[in-house]
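For reference, the structure discussed in these notes is given below.
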Amino acid sequence: MQTVGQPIRKKDAEALVTGKPVFTDDLAMKDCLIVKLLRSPHANAMLKKIKTDTAKLVPGIEAIYTWEDVPKHRFTLAGQTYPEPSPYDRLILDRHVRYVGDPVAIVAGENEECVDRALKMIKAEYEVLPAVLDFHTAKDNEVLVHPEDNWKALCPVGADNQRNLCAEEESHAGDVDAVLAGCDVILEETYHVRAAQQTMMETFRTVCYKDAYGRLNVMSSSQIVYHVRRILSNALGISKSKIRVFKPRIGGGFGAKQTAVSEIYPAFVTWMTGKPSKIIFTREETQTASSPRHEMEITVKLGADSEGNIQAINMYTLSNTGAYGEHGPTTVGLSGHKSIPLYGSLKAHRFSYDVVYTNQMSAGAYRGYGATQGIFALESAVNELAERLHMDPVELRMKNMVREGQVMPAYYGETANSCALDRCLMRAAEMIGWKEKYPCRDMGDGKIRSVGIAMAMQGSCISSVDVGSATVKLNEDGSYMMSIAAADMGTGCDTILAQIAAESLECPVGNIAVSGADTDTSPYDSGSYASSTTYITGTAVRHACEQLREKICSQAARMLECGAEELEYDGNVAKDVKSGKTVTLEEIGVASMCNNVQALQVTESYSSPVSPPPFMAGAVEIELDKETGQVEILDYAAVVDCGTVVNPNLARVQTEGALAQGIGMALYENVQYTDKGKLLNNSLMQYKIPSRLDVGRLRVEFESSYEPTGPFGAKSIGEIVINTPAPAIAHAIANATGSKFRELPITSEKIAMGAR
Amino acid sequence: MLKIKQYIKAESLAQAYELNQKRNNRIIGGMLWLKMSNAQVQTAIDLSGLGLDRIEETEEECRIGCMVTLRELEMNQSLERLSGGIVRESVKNIVGVQFRNLATVGGSLFGRFGFSDVLTCFLAMDTYVELYQGGIIPLEEFAERKRDNDILVKVIVKKTPGKYVYLSHRNTKTDFPVLTAAVSCVYKNGGQEPCKQRNHKSADFECKDKQKMGYDIKVVVGARPAKAICLRVSEEWSDKLENRVCQTAEIEKLARELAEQVQTGTNMRAGAAYRSHLAEVLIKRGLLKIYGDIQGIGGDRHAD
Amino acid sequence: MQISLVLNGKKITEEITPDLLLIDFLRNHGCYSVKRGCETSNCGLCTVFLDKKPVLSCSVLTARTDGHAIDTLEGLQDEAKEFGAFIADQGAEQCGFCNPGMIMNAIALFRENADPTDEEIKEYLAGNLCRCSGYEGQLRGIRAFLEYKRQGGASCRQ
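Chains as they are written, first to last, in my numbering: chain A, 1 to 756; chain B, 757 to 1060; chain C, 1061 to 1218.
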C-alpha cells in the first residue's frame, strides 16, 4: 500500500499551527446578536412567574424568550439515528427546571454588556421542589424528574417516566446462577465512576443566520451535523429543507459535541428575529450544563474454577442520566456488551441495568461511552480475582481472553474475525517489565513502585444503524473532490479518509480535496461518533472510489474507442492494451466536462451488519508515596489492535491523548455536588485535567490484526484508548498499598487515609 | 463580569493611597483574581508606573517592589541565594509561566489568601512588609491583620543566614496546594556555624559540638485551607536538635506535636483529617531536611 | 480612554473602555489566533507576548498595555510555520485550538533557553493545557525541532 499506513501530515495542519481563523467564533459575522441563557439556581423547581419587561427595555436588547414563547412538543438533544433511543424529554425552555443550570430564559442583544445587564434584570420566581440528588434512590422515588404527560420514549428501551426510569434491560446467555453455583471462587464487588468531563479546549458554540432563501444556516462546533438538523427541525417545528447545518474546524469533541448542547438557542433567536446570532458557552456552562460521562455504579460477580478458568460473569449497572435522557439508554449497554466479551472462556453471563433520572446535570456521550465504566469495573474485578486465585493477572487473562475466530455471545453473537488481544497483552507486559516489576518494589525512601494492567475493547460503529457516505468527483485537472459529513474534530479523519481515497484511486493524498461536514453539500452521514468514521465512512469512501474508477475507465474506453475490459489503468494513465493508445486522467477529466452525459462523480453509502471490536492492553508503572498517597505515573505502555493502522502518527496521538484523559479520570478529575445539587467543579481551576507535568511517559505500540470487513483491514481507535488507564492504575495502587479502590477518582487523600 | 468605570495609572503613592480610600476603587495587582470577580469598580488604580517592579539587594536585605511578578521572584538570583531556593520552589507550581509573568508579589501577599504558596514561603523567612501608611511591620503581623485600604509597597526580606525548606502537596502539579509547609532554621544571633561535624547514620542524625549558638526554628503551614500559620519550635526542642543525638523518632514526635497545633478544614481539594495527616508528614520532612542540613548554616553568607 | 500600543510591530492608537480585556481587544483587531479556553487563567490558550514576555491576554487590562508592545501569532507567522511543522509531523496539533497559545509559549521558551531539557520544556509549558494530544507528541515535535536547530536550521529569532 502506498498511502494507507503512512504517517501523513494532517491536511489542515498548517492553518492550525499558524493560528488561522478557522473555528466557529473566528468565522462569525461581526453583527451577530449575542445570545446568553439565564439558568436555574435550583435543582428542581417550577417557575411561578417570570418577569422580563424591564429587562427588555435595556438598550440593545433584541429579544428575551421564556417557556411561554417556545414550541410545546418534546424532543431529545442526543445525536442519534432516528428513532432515537433517548427519550423525548426536552423543550427549548421548560417551566419545570430540573437541575442547577437548566435554562430559564434566552436573552439576545447587540452586545455582551447589554445582555449581561438584561440577565440581571429578569425576575424569576420559583416554587422549589424536593430534588432527587442520590441516584441510588431515584428509581421509584416519589419525586419525579419528568412527571409531564407529553414525555415519550420512541424506542422500547424500558423507559418509564413515572418511575424515574430512562431505560432498563436484562440479557444473558446460559444459566449464570447455575454456573456460578459450581464455581470454586466467587468474587463480587461494586465499582463507581463519576460524571467525568470531556473538557475539550473549545467550549460549545454555534452561529446562526438566514440566507438569501430565508433558510436557517447553522454553523456549529458539532460532530453530528445531520442529527443537529433533525433536532432543530424537531425543536422549531420547521422542515429540514429550511435548515442547513455545517461545521468549521472543531476545537475538540470527545463525544461532548455528539449532543446538540448549544444549537437550539441561537437557532430559535435567528428563526424568530431573522437576525444573525451566536452563543459561546462559558467554561463554567460547559462544565455545569452540558453532556459529560454517565455516572455509573457497576456490580460485578465473577466465578472461576480453582485453575483460574473464568466461567461466568454477572453484571448489573446503575447509570445516572441526570435531568435528561440523552444517550442514557445506549451508553449503559456498552458497560456490559463491551466488557464481558473480553473473556472468551465464559459458560454463561448475565447483564442487567437501570438508567435513572436525577436532578443533576444531564449526561451524554464521552469517548468510551459506557465501555469505559464497564471495563473499569470488570478489569478491576479480574485483577482482584487473580489475587484471590494467587495467579499472575497476565497469566489469568491469557487463559481466559477472547481469541480470534471465537463467537462472542455477549457481543450480539458476533465473531472476533480480527483479534490480536493476546499479542497486545504480552507486548504491553513486556514493555512495562511485568515479570520483574509485578507486583511492587519498595524503594526504601518512603516510595513504592508498582505495576498494574488491564485490557479493553470497543466497537467500530453501531452495527446496522450507522450510515457513512462519501461523494467523490473528478476535476478536469485530474485531482479529486471528496465530500463527507463525518466530522473531523481534530482527530484527522479528513486526512485519513483522503488516504483511503488516495489508496483506492492510486494518487497522491494531496490530489484529494476534502470538504464537509455540511448538510447542504455532504452526502448523509450519521456523524463522527461510536468509533465509526474510519470503519464506516472509510468503507463508503472506498466503495465510492472504486465506482469512480470504473466510471473513469468507461470514459477512457469511450475516448480510446475500446472495451473497458481491454483497458489498463494505473490511476494516472489509461491504455488500450491492443492499440497501445493512451489517455491521461487529466484528459479524461477535461473530456468529462464537454459533451458528456455520464457524471464522473459517485456517492456511496455504507452501513455494516457487524461492529468489529478493536482490542488493546495497557500496563502502567507508578511510584506511590506511602505517607502522602501521591501517585506519579512513571511509564504507561499501551498496545493497540485497531486492525490496519491507516495513519500511525494520528493513531498514536489518539492513543496518547486518551491515555492522558484516562489518567485524569483515574486520579483527580472529580465531580462534587453541594447538598443542594450545585456542581462545584465548574472551571478549569476546580476541575483539574492533567497538565504535561502530570502524565508521565506514554508509550504506544500497535499489534495489528486484519479486519476483513474494514477498509484495507482497518477497525477503529478513537474510543477504546481511554479504557485501560483507570483499571490499570487502580490495580497498580492496589499492588502498592494492598488496598482496593473501587471508586474514581483515586485521590492521594483516599490512598493515604485508606492506608492508615 | 468585572466592570471598571475609570482607570488611573497612579503618579505617586500618595495619589494611589488617596484614591484607594474610596470603597469602590481598587488597586490592581496581577489582575488574576480581580478579573474573575463580578466587582463593579469605580476606579482601577494601577501602580505599574511607580518603579515598584524591581528587586533591590543591599548588605542586609532584599527589597521587593509590590509589582514584581512571581516569575521575577522565581528567576531572581539574590532571592535564590537568600532563601536557599525556596522562593523559586514555592512559586514554580503556580499554574504556568504566563500566569506567573502577571501575578504580583504584592497582590499575592496583600490578599492573604489561604491557598497562598507565596505567603507560606515568605512567612518562613525574616520578612517585613512596607505599608504606605502603616510603615514597616513583620509579615507575620500583617498576615494577622484584617484587609484595609493601605497599600503594600514593598516586601523586605532580611538576609538572615539559615536553612529553609519548602514543601507542598497538590492533587495535580499545577493545582492549588492541598497543604503547604515551610520550615526555617536561623541563628538567634545571626552568628557562626554551631556544628563542626555531623555523623550520619542511616536516618538518624547526630550533632557533636562545639559551641552552642541557639536556633530559631519556625514552621509555617498554609492551605489548611485557611491562611498560613506560624509555629515556633520550643527552645527545649531547639536545644535538643542542636545538642543531642536526635533520633528520627524524636523528630517525628516533634512534628506530631507541631501538627496538632495546626487547625485544618475541609474544602473541595481534601478533608480536614487528611490535611492534618499531611501537616504532620510535611513538617516531619521539613524538620528532617533542616536537621540534615543544619551544619551548613551560615555557609550561604560566606558563599556570597 | 485613549491608548497607544504596538501590535505586531504596528502602532495603534485607540479609544477603549477601562475594563476591556486584552484578549477581546486583540480578537477585535483580527488576531483570531488568540483563543479563550477558560475564565480562570488556567488554560494558556490566550498566550501573547507583552514586551516579549508570554502572558495570559485574558488577564491583562488593555489599558495597561498603553505604551507597550504586544505580539500575537499573527506577527510570528514564520516562526509559527517553521516550528509548527514539527508539531504537525507528529500529528500532535490535533484539534488545533490550543496550538497558538502553546506555540507562542514554546517560542518564548526557545528565546529564553535555546537548548532546554525535557524537564525544562515541560515546566515552561505546564500552563498550556491540551486535551487531545496527551502532550507526548508535542514533546516529540519540540525535541525534533531543537535537533533541527542544533543541526543548523535557520535562526529562531526574528
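Where a beta carbon is used, it is the ideal one built from N, C-alpha and C, also for glycine.
- Cβ-Cβ distances below 8 Å link V853/B to R827 in the same chain, with the five nearest sequence neighbours on each side left out; the list follows chain order.
- Separation of V1037/B and Y922/B (C-alpha to C-alpha, rounded to the nearest whole angstrom) is 13 Å.
- Inclusion of I280/A and R205/A in the CB contact set at 7 Å is warranted, their separation being smaller than that value.
- Cβ atoms of N670/A and V356/A stay farther apart than 8 Å, at about 22 Å.
- Between I186/A and G303/A, the C-beta gap is smaller than 7 Å, which places the two residues in contact.
- Within its own chain, the residues whose Cβ lies closer than 7 Å to the Cβ of F1085/C, once the five positions on either side in sequence are excluded, are I1076, T1122, listed in chain order.
- S262/A sits in coil when the DSSP states are folded into three classes, being neither helix nor strand.
- The three-state secondary structure of M881/B, taken from DSSP, is coil.
- Here DSSP, grouped into helix, strand and coil, assigns K761/B to strand.
- Counting of Cβ neighbours within 10 angstroms places Q833/B among the exposed residues, the total staying below 16.
- Shown here, D116/A sits in a helix according to DSSP, grouped into three states.
- Chain C has a Cβ within less than 7 Å of the Cβ of L684/A.
- When DSSP reads this structure, K575/A sits in a beta bridge with E568/A, T582/A.
- Residues T190, Y316 of the same chain have their beta carbon placed closer than 6 Å to that of T299/A, with the five preceding and five following residues left out of the count.
- Annotation: M787/B has no Cβ neighbours in chain A at a cutoff of 8 Å; minimum Cβ distance is about 15 Å.
- Proximity of V1037/B to chain A, defined by a Cβ-Cβ separation below 7 Å, is satisfied.
- Nearest in C-alpha terms to R1200/C, of all of E1099/C, F1109/C, E1179/C, G1213/C, is E1179/C.
- Approximately 7 Å separates the beta-carbon atoms of P614/A and M457/A; this is inside 8 Å, confirming the contact.
- Where A1028/B is concerned, the enclosing alpha helix (DSSP H) starts and stops at 1028-1049.
- Beyond the five residues adjoining it in sequence on each side, K437/A comes within less than 8 Å, by CB distance, of R449, S450, V451, E621 in the same chain, given in chain order.
- Annotation for S450/A: the continuous beta strand (DSSP E) segment containing it runs 447-457.
- Y773/B carries a helical assignment under DSSP once its states are collapsed to helix, strand and coil.
- Excluding sequence positions up to five before and after R117/A, its CB lies within less than 6 Å of the CB of V58, all in the same chain and listed in chain order.
- Interface criterion met: the Cβ of A1123/C is under 7 Å from a Cβ in chain B.
- Contacts with chain C at 7 Å (Cβ-Cβ) do not include V4/A.
- Between the segment 471-490 of chain A and the segment 585-594 of chain A, the count of C-beta pairs closer than 8 Å reaches three or more; the two stretches touch.
- Assigned with DSSP and collapsed to three states, M46/A falls in strand.
- Proximity to D1149/C across P1176/C, C1091/C, D1079/C, I1202/C peaks at I1202/C, based on C-alpha coordinates.
- For the segment 1103-1127 of chain C, the set of residues with a beta-carbon nearer than 7 Å to any beta-carbon of chain B comprises G1104, T1107, K1113, P1114, V1115, L1116, S1119, V1120, L1121, A1123, R1124, in chain order.
- A straight-line Cα-Cα distance of about 12 Å links S872/B and D931/B.
- Taking S352/A as the centre and dropping the five residues before and after it, the same chain places the C-beta of E170, Y316 closer than 6 Å to its C-beta, in chain order.
- Straight-line measurement puts the Cα of G468/A at about 7 Å from the Cα of Y524/A.
- Rounded to whole angstroms, the gap between the alpha carbons of V989/B and R1025/B is 29 Å.
- Only buried fits M431/A, as 16 or more other CB atoms lie within 10 angstroms of its CB.
- Boundaries for Q1198/C: no beta strand (DSSP E) harbours it, while the alpha helix (DSSP H) harbouring it runs 1196-1210, taken from the DSSP string.
- When secondary structure is reduced to three states using DSSP, G718/A falls in the coil class, being assigned neither helix nor strand.
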